[in-house]
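I have placed the structure first, in the form of structure tokens, so that the comments after it can refer back to it.
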Amino acid sequence: MSNVNESMVKKNSRTKNFDEREKKMLIELINPYKHIIENIKTDSFSIKHKSKIWENIVIEYNDQQTTGIRTAKQLKTLYDMAKRQAKKSISDDKVLMYKIIKLFTDEEQSMVLDLVQSQRSSILSGHLFEKDEAWSNVLETFNLHQTSGVRTVDEIKYLFEYLSKTAKSENKNDKVERFKTGGGQYKKSMNQLSEQVIAVIEDRITPLVNEFDDDYGYADPINADRCGQNVQDDVETIEFEDGVEEIDITVDDLTHNSHKKVDWGIFNIEPETSTLNNSYQSPEINLSSNLKTKKDTAVKRSSSQKSVCDGLQELAKKKINKVCTQQKFSSDIQDIKIKKAMVELETAETTLQIVKTELATKKLELDSKTKQMKLQEDILNLQKQKLLEN
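Residues 1 to 390 in this note's numbering are what the sequence shown spells out, letter by letter.
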């Protein structure tokens, strides 16, 4: 079929240009077969399959074309040009984004993040008209306090998108470093701006908590209680019959000694019930080191829980301070808007007063000119009378 179509198009003859409707139609025809056309395999089966798909696309296209019959080669050329233009457009957008970012100062970037934080519910999860209104409010407030020039909504959006990508990347690197140290100290790569961004988009990047995950509560201050519970679960409790008191030992408490035997008499087990010595040769336990190790474990556990609690308290204080700062910033913005409205009202009143004064002045000038003209007419009339009398 492709050979027939190619024969229908004369060689070395220039056909009409594709119109926009045909370009859009071609993309719609390719879309169902994109997993085949964009397949990078070059084996014979894949090549034959692609050729067959292109033949079907050519048939469907020529049934709906309006500018002339096309061949598979022409449609492939048009599709490749469309892909190149799309890639170039994306590249240009990235270049434009980086150019726009350099125009903002650090203080302006921080101010944009604070303004987005105040409108985050509408910007991140609102309807389209709510998002547009929220971005308009952010732009209006920003342009009132900017120091490097008036910006547009698109520039503010580009800035927020770039900062979000950077913050996500830095947060991912910090998470990897934190898990490498087991939750201990690590070198942070996030700066203050990235922390502000994470506070805005935290709901989007924080995964849902699942207590059945293997890493649930690991190196996570939020699940500190669970961490403490996991530590307690590592302690094994040994129970003995005949009312013997329970003791808890860890795996580290078991020490093997080939020269001594375990003194199980400390547990006060009756000879007739203690058949363990006769039937099983158990590892020996150094009881004095057991007690010491157990005390050290308890001290470490308490100190670890205390450090976790202190960390949680410090984190809570930071969050409270941040919320207070954001509320204060929002109230300051409202005060600035009120002051701006009052200044505009005063300006309008002053302008009205000036207009009234100008109108009054013009009225006086008009009255004065009218009186002068009347006096001149009277003088002329008197002169005429004198001339007539003479």
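Yeah, the Cβ is synthetic: ideal placement off N, Cα and C, and Gly gets one too.
Extent of the continuous alpha helix (DSSP H) run through residue i
{"i": "ASP43", "result": "ASP43 -> no alpha helix (DSSP H), and no H or E assigned at all."}
{"i": "THR141", "result": "128-145"}
{"i": "PHE18", "result": "Where PHE18 is concerned, there is no enclosing alpha helix (DSSP H), given that its DSSP letter is neither H nor E."}
{"i": "ASN171", "result": "153-180"}
{"i": "ILE395", "result": "Examination of residue 395 is not possible in this model, given that the chain is present from 1 through 390 alone."}
{"i": "GLN185", "result": "First-last for GLN185: undefined, no H or E at that position."}
{"i": "VAL423", "result": "What the structure shows of the chain is the stretch from 1 to 390, and residue 423 is not part of that stretch, so it cannot be assessed."}
CB-CB length for residue i against residue j, believed under 8 Å
{"i": "ILE198", "j": "ALA167", "result": "5 Å"}
{"i": "ASP114", "j": "GLN327", "result": "Not a contact, Cβ separation roughly 11 Å."}
{"i": "LEU78", "j": "PHE18", "result": "6 Å"}
{"i": "VAL116", "j": "VAL200", "result": "6 Å"}
{"i": "LYS50", "j": "ILE37", "result": "6 Å"}
{"i": "LYS131", "j": "ALA82", "result": "With a Cβ gap of about 30 Å, LYS131 and ALA82 do not count as contacting."}
{"i": "LEU144", "j": "ILE336", "result": "7 Å"}
{"i": "PHE179", "j": "VAL112", "result": "The pair is not a contact, with the Cβ atoms about 32 Å apart (cut-off 8 Å)."}
{"i": "LEU103", "j": "LEU26", "result": "At roughly 39 Å, the Cβ-Cβ gap does not stay under 8 Å, so LEU103 and LEU26 are not in contact."}
{"i": "VAL58", "j": "THR71", "result": "7 Å"}
Whether residue i touches residue j by CB criterion (7 Å)
{"i": "GLN119", "j": "LEU193", "result": "no"}
{"i": "ILE90", "j": "TYR158", "result": "no"}
{"i": "TRP135", "j": "VAL150", "result": "no"}
{"i": "GLU55", "j": "LEU29", "result": "no"}
{"i": "ASP203", "j": "LYS188", "result": "no"}
{"i": "ILE156", "j": "LEU139", "result": "yes"}
{"i": "ASN62", "j": "ILE53", "result": "no"}
{"i": "SER141", "j": "ILE333", "result": "The question names Ser, but residue 141 in the sequence shown is Thr. Contact: yes."}
{"i": "SER148", "j": "THR105", "result": "yes"}
C-beta neighbour in chain C for residue i, strict 7 Å
{"i": "LYS157", "result": "Any reference to chain C falls outside this structure, which holds one protein chain only."}
Runs of alpha helix (DSSP H) wholly within the segment 72-121 (minimum 4 residues, chain order): If we require 4 residues or more, the alpha helix (DSSP H) runs fully inside the segment 72-121 come out as 72-103, 106-118.
Minimum length 3: unbroken beta strand (DSSP E) runs contained in the segment 307-346: Annotation note: the segment 307-346 contains no uninterrupted beta strand (DSSP E) run of length 3 or greater.
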